[in-house]
Amino acid sequence: MKKILLTCFMLVFVLHAWAQDRTVSGKVTDADTGESLPGVNVLLKGTGTGITTDLDGNYKISVPSDGGVLVFTFIGMETQEVEIGSRSVINVEMTTDIAELSEVVVVGYGAQNAKLSTQSVSKVDSKAFENMPILSAQEALQGQAAGVQMTASSGVAGGQQNIRIRGVSSINAGGQPLFVVDGVPMNDGNAISYGQAQGGATLNPLQELNPNEIESINILKDASATAIYGSRGSNGVIVINTKKGKAGKTKVNLDLYTGVQDINNRRPTMTADQHRGYIADLFGVSQQDVIDAGLATDGSFDWPDAVIQQGSVSNANLSVSGGDEKTQYFFSGTYFQQDAYAIGNEIERLNTRMNILHNITDKLRVGTNIGIAKVNNDRIGADNNTFAPLTSSYLQLPWVEPRTDNGAYVNTGFIANVLAIEELNTNRVVNRRLTGNAFFEYDIIPGLSLKTDFGTDQFQLEENRRDVDIVSPGGYGYYGITQDNKWLNTTTLNFNKTFGENYISAIGGYSYEEANYAQIQVEGSGFLSDDLPNVASAATPTFTSNEKSGWRLNSLFSRVSYRWNDKLLAEGSIRRDGSSRFGAGNRFGIFWAGSLGYVLSEEAFIQDISAISFLKLKASYGTTGNDQIGNFPSLGLYGAGNDYNGVPGIVPTQAANPQLSWEETTQLDITMNLGLFNDRITLEASYYDKLTDGLLLNVPVPYTTGFVSITQNAGEMKNSGFDVLLNTKNFDGDFKWETSFNIGFLNNEITSLPGASVDDEGREFVIGSASQRAIVGHSVNTFYLIRYSGINPETGDAEWLTKDGEVTSTPTAADRVIVGSAIPDFTGGLTNTFSYKGVSLSGQFTFVSGNSVMYDDLRFTDNPNNWGFFNLNPRLLDYWQNPGDDAYAPALTSPTFGTFGQRSTLQLRDASYLRLRNVTLSYTIPKSAVERIGLRSARVYGQAQNLLTLTAANKGEALGGVEKELEPEINGGGGTNLGAGESFFTLPQAKSFTVGVSLGF
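Mature numbering (1 follows the signal peptide of the UniProt record, and there is no 0) puts the sequence shown at residues -19 to -1, 1 to 982.
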């Protein structure tokens, strides 16, 4: 009996083993590239049996004899379920899960599913600026996100880009958003002056970051998104993630492009004959008489033609990425070079990046993201001085020649000889920057992890300027070196857990940041020879400076997100910041936000509407701060030196205010997200209302205190508006057509300025410039000018309007009124992308409406009284001569001849425009063709930028549109909030044409 039972048992065991002794094998590849995919999870559905593919994408798994279903999963790929049947070999091609990738947005200290997020975040994918001929990714943000306005400070190479997210939230504090790259907040270059700030020395936070290294840019707009950054969130936050390696075969990508750049708007100037003829008409004599009288010479030279050249731009980028299930890596190196269309303006960048992630165990991960860059910038003079190429060329008298008959350069006096400057002088800035972090992350238990991140931003700027004798008699030299180094540590505890229909995500953390700033400057004049390049060779040291400062930030923060059944959403965040920048009485602050969301498309009554594929309502409210005020604004400061007749001494330079605090912004946001026809049409519409309290103002104090003013928290400002984003998939087949449209409406208003000056109508105001004021009840950039009326056709006199609207030929400063704002009513962009098989065509329009620009330079070129001093605009030749003439300029004998160029709306323009920002035509060569020559992929393309600009141009009457020779995209205020929208020969944006190739190995 025992033998029978034993035999039966053995038979059952053998049959059972035979039933499991079947193997299925195969290879998993990427459907798009054909490359093998290592690390793919292969699971026998309904069991715990599973494996991962090896380095070559191969797998082998035991299955039951009757088959079953294999489930293939991989991050970023669509999950596939495959029926086994009787097959023993199953090869699988996995496709990219576009929906999964596009639905993820990066937020503060984490990432969220966009459809289930209650934050207001705009995501700009790297494809939006891929291989554009730009130095910084900031340049490509214009028109890419609703409620985000990007304006170049000028067209100078390496110049700063000014970004405003949902308006202007300050008067005297910084207005730029916080930039966070791979979790590291960048140094705030707008709070500190780097070097002499000529021609773009103000730090561009992304100048050293190669746009081809960027994976995505996420713009955090509402308080729910920015409150976790506390005292630095009021101006919005831009979170940038650089590219990372993916498990798979090593990929090598080579991107090359080259092209030319030209000036987009060259201004007309009088020729020598025209200018001499104008003077001759003025005195009723001949041109020869003008020459004989010494009012002009018989020379002739086209200065704008000499300083404007065809520029060039080129870029070479090599990247290597790949890895396995243990280690993923991304390396890249880039060389960028640009010669601008203005002579002497060149920039060169070398940078490299290393991003590595290593899984030590299934629970422990370590990684690093490091970027190193060096930027050489041959600079030109700032737009607002006569050493700048365009400024000088437009003002230089056309009979003045740059060289003598024997070829030597001449000193041309107040209007500098810019040809000599750019050939003989040295004006170079070298930026060196290292940014990045190293981190480790440990999974304590499923759903709970600890991450510690050590980050740094090491910045150095070296500035060397040397003017030769012919430019600055005796010679001039300057040398400065600036270092701004930041270290930070962030430790977070992350929790994610699903309890039935309930999902909870939470993060809590501590952050410590410390930055140290140092600057040394030396200046001298009187050089024995132009061949002596160093400042130490100067006979007379004229200026020396040594400055050191620093700041610290201690923070605790937390965020909790909850959702029920992917239908009801809630989130709250809080941060406590302690900053050394503020007074002892207000060093610590608490910032918070809360938000709610309701996914109505999960309700049955919405699901019955077949056209609606997604519908969500969300609302948020919270507070943030602004700490961009420098390092010691609350302290009483003293300066030491020998300013009192050469005797050493100490003098007070800043009054103390221990109660100084950050500006605080509260923001309400209400948003609707709508998807129609299986998300072929998606719409996001948001309303926001921002109120900034405690504006930092320089409030006047009695002269008996020894100071003119003291910095205090006083005043309020409001920004409100609508953001709309509409995406459509018009055709989806072999021929694809996609459209993206965004528009942002904005109303900016000063609501209170206690302690400020008061005008005749009882309104409090702060002077922003000679043309602008920040006035209660109006915008921070309100133009306040005399209104120009025109030329009287009967008398030939120029006429203006009094404050009461009466016509006058003798206006005064008391006749100034509010005439417009530099802040647009709305901005936006429209992008269409067409593709058919391997051919793709895309075009982007950007538009701005409702703002004005003050061209202060027209007071010089369009001022007839400047004859013989500066060159003039040829339209001044259209002067009144006979009754009934419809002329631009007054009669030569008019009493208004000398006042025609006074500051008024004659120089103000409606700066609304529609610009064809970018056109790209590309062809991706079929995979079968490129594989024959050993390539993985190949794409060739051509791009054009700033091809066409449409404005409300007219002859140039008051508040007329921008003429074709003027640049409408102007922000003469640089990185400040006051004085924006003003130009003084500001370099216009370049028109560029490039061709390139992208190769994959």
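Just so you know, even glycine gets a beta-carbon here, dropped at the ideal spot from N, CA and C.
Close-in-space but distant-in-sequence residues of the same chain around residue i (CB under 8 Å, 5 per side omitted)
i	result
Pro285	Arg247, Arg248, Thr250, Leu371, Ser374, Tyr375
Met75	Val9, Thr10, Asp11, Ala12, Leu18, Val21, Phe53, Phe55, Met58, Glu59, Gln61
Leu840	Here the sequence assigns Arg to residue 840, which means Leu is not the residue at that position. Cβ neighbours of Arg840 beyond the five flanking positions: Gly882, Gln883, Arg884, Gln888.
Trp(-2)	Confidence in Trp(-2) is poor, its pLDDT being 43 and thus under 50, which makes the residue's placement unreliable; the coordinate value appears in the next sentence. Only Ser46 meet the Cβ criterion.
Sequence-distant residues of its chain with Cβ nearer than 6 Å to residue i (five each side left out)
i	result
Leu469	Gly436, Glu494
Asn854	Thr842, Asp843
Thr930	Tyr894, Arg896
Ile462	Glu443, Ile501
Thr812	Ser721, Gln825
Thr349	Ile337, Ala419
Ser313	Glu194, Ser300, Arg334
Leu235	Leu299, Leu980
His647	Contrary to the premise, residue 647 reads as Thr rather than His in this sequence. Within the same chain, Thr647 has close Cβ partners Thr604, Leu672.
Trp718	Asn711, Phe712, Phe815
Gly656	Ser594, Phe595, Thr663
Reference residue i, options the options, closest by Cα
i	options	result
Ser281	Ala565, Asp262, Ser267, Arg257	Arg257
Glu482	Arg446, Gly461, Ser893, Asp547	Asp547
Gly507	Phe538, Thr28, Leu429, Asp448	Asp448
Trp781	Thr793, Pro774, Arg768	Arg768
Lys355	Arg330, Trp718, Ile341	Arg330
Leu24	Gly559, Gly15, Ile65, Ser46	Ile65
residue 1000	Ile748, Arg557, Leu577	It is not possible to answer for residue 1000, since the shown part of the chain is limited to -19 through 982.
Ser615	Ser642, Leu513, Arg917	Ser642
Asn527	Gly620, Ile590, Gly831	Gly620
Ser101	Asn153, Leu201, Arg147	Leu201
Glu84	Glu665, Lys96, Gln157	Lys96
Leu263	Gly566, Gly879, Val161, Gln588	Gly879
Ser770	Glu787, Thr763, Gly743, Arg754	Glu787
Ile571	Asp273, Asn607, Asn408	Asn607
Leu734	Gly675, Phe828, Thr433	Gly675
C-alpha distance - residue i paired with residue j, whole-angstrom precision
i	j	result
Asp37	Lys225	20 Å
Ser43	Val70	12 Å
Tyr423	Ala551	27 Å
Val911	Tyr922	16 Å
Gly575	Val900	41 Å
Val391	Val137	26 Å
Ile341	Glu306	10 Å
Glu111	Val105	11 Å
Leu678	Gln693	6 Å
Thr315	Gly810	29 Å
Asp279	Leu400	21 Å
Val747	Asp806	22 Å
Tyr668	Asp203	10 Å
Gly622	Thr525	10 Å
Gly977	Glu327	21 Å
Ile152	Gln439	29 Å
Ser510	Ser518	9 Å
Pro907	Val50	34 Å
Whole-number beta carbon distance between residue j and residue i, since they are thought to touch under 8 Å
i	j	result
Glu644	Leu672	Not really, about 11 Å apart at Cβ, beyond 8 Å.
Leu707	Phe726	Their Cβ separation, rounded to whole angstroms, is 14 Å, which puts Leu707 and Phe726 out of contact at 8 Å.
Phe563	Ile209	20 Å between Cβ atoms; not a contact.
residue 1070	Gly91	A query on residue 1070 cannot be resolved here, the shown segment of the chain reaching from -19 to 982 and no further.
Gln609	Ala154	5 Å
Val149	Ile804	7 Å
Same chain only: Cβ atoms within 7 Å of residue i, ignoring 5 sequence neighbours per side
i	result
Thr874	none
Ile260	Val271, Leu276, Ala277, Trp848, Gly849
Gln255	Pro855, Leu858
Phe613	Ser530
Residue-level contact to chain B via CB, residue i, 7 Å cutoff
i	result
Gly66	Included in the structure is just one protein chain, with no chain B present.
Touch test, the segment 645 to 660 against the segment 585 to 605, Cβ-Cβ under 8 Å, three pairs minimum: yes
Cβ pair count under 8 Å reaching 3, the segment 821 to 832 against the segment 854 to 867: no
Sufficient close CB pairs (3 or more, under 8 Å) joining the segment 230 to 242 to the segment 628 to 645: no
Stretch pair the segment 210 to 229 + the segment 966 to 978: three plus CB contacts closer than 8 Å: no
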